[in-house]
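**Student:**
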Amino acid sequence: MSDFKDKVVYQIYPRSFYDTNGDGFGDLKGVTKKLDYLKDLGVDYIWLTPFFISPQRDNGYDIADYRQIDPRFGTMSDFEELSAEASKRGIGLMLDMVFNHTSTEHEWFKKALAGDKKYQDYYIFVEGSENVPPTNWVSKFGGNAWKYEDGLKKWYLHLFDVTQADLNWKNPEVRKELKDIIRFWKDKGVSGFRFDVINLISKPDSLENDYEGDGRRFYTDGPKMDEYLKELVKDTGIEDMITVGEMSSTTIANCINYANPDEKELSMVFSFHHLKVDYKNGDKWQLMPYDKQALKNIFKDWQEQMAKANSWNAVFWTNHDQPRTISRFGDEGKYWKESGKLFAGLIHLMRGTPYIYQGEEIGMLNTHFTDISQYKDVESLNYYNILIEQGKTKSEALKIINERSRDNCRTPMQWDNTKNDGFSTGEPWIEVPEFGKSITVESQLNDEDSILAFYKKLIRLRKENKIISHGNIKFFTDVPEQVMCYERALGDEKWVILGNMSAEKIVVSQDSEINQKLGGKRIIIGNYVNTGKYNGNELELKPFEFVVFG
Ligand code: TEU
Ligand code: CA
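Residue numbers 211 to 760, in the numbering used here, belong to the letters of the sequence shown in order.
(1) Identify every run of the beta strand (DSSP E) within the stretch 314 to 378, keeping only runs that are complete inside it and at least 3 residues long; order them along the chain.
(2) Write down the C-beta distance between Ile-572 and Val-651 rounded to the nearest angstrom, noting that I regard them as a contact closer than 8 angstroms.
(3) Could you tell me whether the Cβ of Asn-520 comes closer than 9 angstroms to any Cβ of chain B?
(4) At a cut-off of 8 angstroms, would you count Asn-529 as near ligand 1, judging by its Cβ distance to the nearest heavy atom?
(5) At which residue ranges does the stretch 244 to 282 contain complete alpha helix (DSSP H) runs of 4 or more residues, listed in the order of the chain?
(6) Do you know offhand how far Asp-268's Cα is from Lys-350's?
(7) Does the distance between the C-beta of Phe-235 and the nearest non-hydrogen atom of ligand 2 fall short of 8 angstroms?
(8) Going by Cα to Cα distance, which pick from Leu-410, Gly-562, Lys-440 is closest to Arg-427?
(9) Tell me whether the stretch 296 to 316 and the stretch 363 to 375 touch, counting them as touching only if at least three CB pairs, one residue from each stretch, are closer than 8 angstroms.
(10) Report the partner residues of Pro-764 according to the DSSP bridge assignment.
(11) Can you determine whether any heavy atom of ligand 2 sits closer than 8 angstroms to the C-beta of Ser-226, and answer yes or no?
(12) Taking DSSP as the reference, what is the three-state secondary structure of Asp-424?
(13) Quick check on DSSP: helix, strand or coil for Glu-589?
(14) Less than 8 angstroms between the CB of Asn-656 and some heavy atom of ligand 2, yes or no?
(15) Given that a residue counts as buried once 16 or more other Cβ atoms are within 10 Å of its Cβ, and exposed if not, what is Met-478?
(16) Would you say the beta carbon of Glu-387 comes nearer than 8 angstroms to a heavy atom of ligand 1?
(17) Less than 8 angstroms between the CB of Phe-262 and some heavy atom of ligand 1, yes or no?
(18) In whole angstroms, what is the alpha-carbon distance linking Asp-626 and Ser-634?
(19) Start and end of the alpha helix (DSSP H) containing Val-443?
(20) Do the CB positions of Leu-248 and Ile-334 come within less than 9 angstroms of each other?
(21) Ile-391: which of Asp-254, Gln-624, Asp-445 sits nearest, CA to CA?
(22) Rounded to whole angstroms, what's the CA-CA distance from Ile-215 to Ile-462? Just pull it up for me.
(23) Nearest-angstrom Cα distance between Gly-402 and Ala-294?
(24) What separation, rounded to the nearest whole angstrom, lies between the Cα atoms of Met-304 and Gly-701?
(25) For Gly-632 and Gln-584, what's the separation of their Cα atoms in angstroms?
(26) Considering only C-alpha positions, which residue in the set Glu-723, Leu-728, Ala-713 is nearest to Val-689?
(27) If distances are taken between C-alpha atoms only, which option among Arg-282, Lys-676, Ser-459 comes closest to Phe-480?
(28) Do Ser-634 and ligand 4 come close, with the Cβ less than 8 angstroms from some heavy atom?
(29) Tell me which same chain residues have a C-beta within less than 7 angstroms of the C-beta of His-680, skipping the five on either side of it?
(30) Thinking Arg-732 and Phe-759 are a contact (beta carbons under 8 angstroms), I'd like their distance in whole angstroms, please.
(31) Pull the bridge partners of Ile-677 from the DSSP assignment, please.
(32) Could you check whether the stretch 612 to 619 touches the stretch 532 to 539, counting it as contact only if at least three pairs of C-beta atoms, one from each stretch, sit closer than 8 angstroms?
(33) Can you say whether Val-717 is buried or exposed, counting buried as having 16 or more other CB atoms within 10 angstroms of its CB?
(34) If you count every other CB in all the chains shown that lies within 10 Å of the CB of Asp-360, and 16 or more means buried, which is it?
(35) May I ask you to report which of helix, strand or coil DSSP gives Gly-709?
(36) Would the stretch 549 to 558 and the stretch 667 to 680 be scored as touching if the rule is three or more Cβ pairs under 8 angstroms?
Structure representation (structure tokens):
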């Protein structure tokens with residue numbers, strides 16, 4: 211298996227990236243148009259979220275035909291052009307394979323509903339009384355995870371929206387169909403794949419009620435996960451391509467297997483524990499300031515244990531399902547720039563392949579929408595109603611959606627200060643937020659001190675220093691709560707990475723383990739060039755300061 215340790219991936223949510231025909235939807239031609247920008251940024255791969263035929267109930271994660279392009283994104287020849295132009299620039303394309311479920315508009319599901327037994331066995335249909343669902347499992351988007359089909363007198367499982375029916379991976383014919391889809395896109399010359407919620411595919415043999423949780427402990431990291439992944443990879447011959455699996459509520463032990471080169475499953479994994487440190491009682495819909503100590507503990511465990519096992523992580527702060535990083539962990543005001551750079555640096559210097567989500571590289575912020583009607587995401591709209599049913603006032607519910615909505619990352623890419631921030635000449639499918647409007651690519655392109663310039667520098671540093679891509683990692687625990695600190699090491703070389711995650715000045719004390727490591731080291735990178743004050747005994751970090759000593 212090849213390694214992808216010195217590579218950087220850029221995630222594009224095409225519908226919000228760049229619209230070339232004024233219909234308000236970003237399109238594939240729009241991605242092609244912006245390739246020079248991405249080349250200049252320095253990324254190696256683009257992960258495109260789904261652009262296949264879909265009713266778009268879940269913005270394309272509800273696929274009705276895996277081999278055809280939804281006309282609102284363009285045509286197959288647009289895709290081929292994008293692929294050829296990307297390849298000219300040395301950029302590979304990664305496609306998003308949503309294999310846990312299909313849209314209920316997929317022909318397999320339609321045939322199943324029409325009574326075809328072969329296709330009923332493609333999904334998880336269960337007979338039972340109309341009044342009692344087979345289990346009490348909760349859909350990730352709210353409500354029970356089963357839907358009753360009158361015509362068939364059967365229930366089907368949908369871990370996500372009711373229009374996203376879970377596939378039955380126990381059926382070898384289903385696995386064959388999915389492998390054919392991979393072969394189809396592989397033949398088109400793509401470089402790799404991202405597998406959506408892949409650790410949910412292996413369902414348990416017996417369907418039980420969950421009296422302690424929402425059911426996830428029964429279907430997450432299921433019994434046949436390793437077997438299914440090995441088969442998928444081997445039979446499609448994608449061992450040497452870049453692959454990343456999205457792992458929902460997983461464990462380190464499982465990810466060690468999924469992302470270990472000897473296992474020939476995946477190149478790397480996304481896990482989400484570090485993005486739940488602001489969930490009160492583990493509930494996304496209860497607000498809490500983020501727990502810095504918990505965040506650091508999670509990174510320490512994942513980074514050190516994956517390294518020890520020679521397994522590989524994808525490292526990231528955000529994606530199309532998450533709020534914007536600066537709004538969530540940093541400072542939207544005075545320290546906008548500093549906090550944008552700090553969080554970028556902390557991730558890019560870790561052990562793993564960094565993923566940049568569109569707009570992150572210029573420090574885009576949450577939407578700050580003022581009315582629920584401005585939101586489009588199915589999950590946000592469902593949960594708004596659930597919060598109201600629970601007795602929250604409209605403004606309380608809106609405040610929660612404001613912080614947690616997946617739409618925070620789905621508003622149009624802010625290119626310049628023309629109409630709709632240069633995204634579209636038409637009416638965008640989702641509003642361009644007023645808040646943070648001045649944050650654009652154009653305003654940062656020629657600014658050496660910009661967040662954008664800092665991302666370019668981080669990418670360049672990775673290419674020039676094997677210690678970043680291949681070094682070992684160790685976290686320091688003997689530091690103030692606000693400070694994240696770790697050491698990278700390769701051969702005799704050692705770097706110490708320090709970041710102040712707060713808006714206060716923090717002094718790292720004299721007897722700390724870190725200070726002993728810093729003797730004679732020079733500053734390789736810093737938010738405030740040459741002002742990382744180190745006098746041999748004591749280190750003072752400014753608000754959101756990020757320093758690398760090496
Ligand atoms: O997301 C999986 C997933 O469970 C979450 O990121 C989810 O959006 C969040 O936890 C809900 O609180 C993947 C895709 O990234 C997402 O866009 C899709 O909606 C989902 O799968 C279904 O395909
Ligand atoms: Ca368009």
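The beta-carbon is built from N, C-alpha and C at its ideal position, and this holds for glycine as well.
**Tutor:** So, to answer that:
(1) Residue ranges of uninterrupted beta strand (DSSP E) with 3 or more members, entirely inside the stretch 314 to 378 and ordered along the chain, are 335 to 337, 356 to 359, 364 to 367, 374 to 376.
(2) Yes, Ile-572 and Val-651 are in contact; Cβ-Cβ is about 6 angstroms, under 8 angstroms.
(3) Absent from the structure is chain B; it holds one protein chain and no more.
(4) Indeed, a heavy atom of ligand 1 lies less than 8 angstroms from the Cβ.
(5) DSSP runs (the alpha helix (DSSP H)) wholly in the stretch 244 to 282: 245 to 251.
(6) Roughly 12 angstroms between the two C-alpha positions.
(7) Remark: the C-beta of Phe-235 is in contact range of ligand 2, defined as less than 8 angstroms to any heavy atom.
(8) Of Leu-410, Gly-562, Lys-440, the smallest CA-CA separation from Arg-427 is found for Leu-410.
(9) Inter-segment contact for the stretch 296 to 316 and the stretch 363 to 375 is present: three or more beta-carbon pairs are separated by less than 8 angstroms.
(10) Here the chain has residues from 211 to 760 only, and residue 764 is not among them.
(11) Incorrect: Ser-226 has no Cβ contact closer than 8 angstroms to ligand 2.
(12) Here Asp-424 sits in coil by DSSP.
(13) Looking at Glu-589 - three-state DSSP - the assignment turns out to be helix.
(14) Asn-656: no, Cβ never under 8 angstroms from ligand 2.
(15) So Met-478 ends up on the buried side.
(16) No; taking the cut-off as 8 angstroms, the Cβ of Glu-387 has no heavy atom of ligand 1 nearer than that.
(17) No; taking the cut-off as 8 angstroms, the Cβ of Phe-262 has no heavy atom of ligand 1 nearer than that.
(18) Spanning the two alpha carbons is a distance of roughly 11 angstroms.
(19) For Val-443, the enclosing alpha helix (DSSP H) covers residues 435 to 446.
(20) Going by C-beta atoms, Leu-248 is not nearer than 9 angstroms to Ile-334.
(21) Answer by Cα proximity: Asp-445.
(22) A quick correction: the sequence has Lys, not Ile, at residue 215. Rounded to the nearest angstrom, the two C-alpha atoms are 19 angstroms apart.
(23) Within the model, the alpha-carbon separation for Gly-402 versus Ala-294 is close to 15 angstroms.
(24) Answer to the nearest angstrom: the Cα atoms are 33 angstroms apart.
(25) Roughly 20 angstroms separates the two Cα atoms.
(26) Cα-wise, what sits closest to Val-689 is Glu-723.
(27) Of the listed residues, the one whose Cα sits closest to Phe-480 is Ser-459.
(28) Absence of ligand 4 is noted for the structure shown, with ligand 1 and ligand 2 being the only ligands found.
(29) Its chain contains Lys-215, Leu-700 as the residues whose beta carbon lies nearer than 7 angstroms to that of His-680, once the 5 sequence neighbours on both sides are disregarded; these appear in chain order.
(30) Indeed they touch by this definition, with Cβ atoms about 7 angstroms apart.
(31) Checking the DSSP bridge columns, you'll see Ile-677 has no partner listed.
(32) Yes, since at least three Cβ pairs between the stretch 612 to 619 and the stretch 532 to 539 fall closer than 8 angstroms, the two stretches touch.
(33) Exposed is the call here.
(34) Counting Cβ neighbours within 10 Å, Asp-360 comes out exposed, since fewer than 16 surround it.
(35) The DSSP-derived three-state label of Gly-709 is strand.
(36) In short, these stretches touch, since the Cβ pair count reaches three.
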